[in-house]
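Engineer: First the structure, then my questions, so here it is.
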Amino acid sequence: MASEPTVQDVRRLTTRRHDRAYTIAVVDTTSSYEFGELRAMPSTLGRGALLVYDVTSAESFADLGEYYEYIRRTRWPSKVPVVLVANKIDLAAVRVVSRTQGAARAAEWACPYFEVSA
Numbered sequence: 000m001a002s003e004p005t006v007q008d009v010r011r012l013t014t015r016r017h018d019r020a021y022t023i024a025v026v027d028t029t030s031s032y033e034f035g036e037l038r039a040m041p042s043t044l045g046r047g048a049l050l051v052y053d054v055t056s057a058e059s060f061a062d063l064g065e066y067y068e069y070i071r072r073t074r075w076p077s078k079v080p081v082v083l084v085a086n087k088i089d090l091a092a093v094r095v096v097s098r099t100q101g102a103a104r105a106a107e108w109a110c111p112y113f114e115v116s117a
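Residue numbers (numbering that gives the first Met the number 0): 0 to 117.
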């Protein structure tokens, strides 16, 4: 039985470093515009943003602009750090968003860029 997609899936990890506790919350948001307001809410809570897109989906890459602009609009005074991550690079045969496109977006946003398969 296939699992149904959720509106938001939140996973938390608490770790200690240099005698301080840090909680990392990863929010897997829906790409449906029906839940646009809900998708944007987590960016007001964190101290950084990891924007991940699927290299086999031009839509997921295009949607990043909405998230980035929301983060900048709501968190500009604190200049929350952003990291751009391209996921599913192991699926090279069906890749539609190139490394060049990802790197260009990261340069435009002045943020680090990584490519991964997770």
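Virtual Cβ for every residue (Gly too), placed ideally from N, Cα, C.
Between the Cα of G101 and those of Y66, D89, Y52 and E68, spot the shortest distance and give me the residue it belongs to.
Structural biologist: The shortest Cα separation from G101 among Y66, D89, Y52 and E68 belongs to Y52.
Engineer: From C110, D18, A20 and T13, pick the residue whose C-alpha is nearest to that of Y67; which is it?
Structural biologist: That would be C110, whose Cα lies nearest to the Cα of Y67.
Engineer: Any idea if V9 is buried or exposed, counting beta-carbon neighbours within 10 angstroms, 16 or more meaning buried?
Structural biologist: Result: exposed.
Engineer: Considering Cα atoms alone, identify which of S116, A105, T55 and W108 is closest to V93.
Structural biologist: Of the candidates S116, A105, T55 and W108, the one whose C-alpha sits nearest the C-alpha of V93 is T55.
Engineer: For Y32, which three-state DSSP category applies?
Structural biologist: Any reading at Y32 is ruled out, since the residue's pLDDT is 47, under 50, leaving its predicted position unreliable.
Engineer: Could you tell me which of A57, L50 and D89 sits nearest to I70, measuring between CA atoms?
Structural biologist: Comparing Cα positions, the closest option is L50.
Engineer: Quick one: give me the first and last residue of the beta strand (DSSP E) that A85 is part of.
Structural biologist: That run of the beta strand (DSSP E) goes V81 to N86.
Engineer: With a cut-off of 8 Å on the beta carbons, I'd call R11 and A20 a contact; round off their distance for me.
Structural biologist: 12 Å between Cβ atoms; not a contact.
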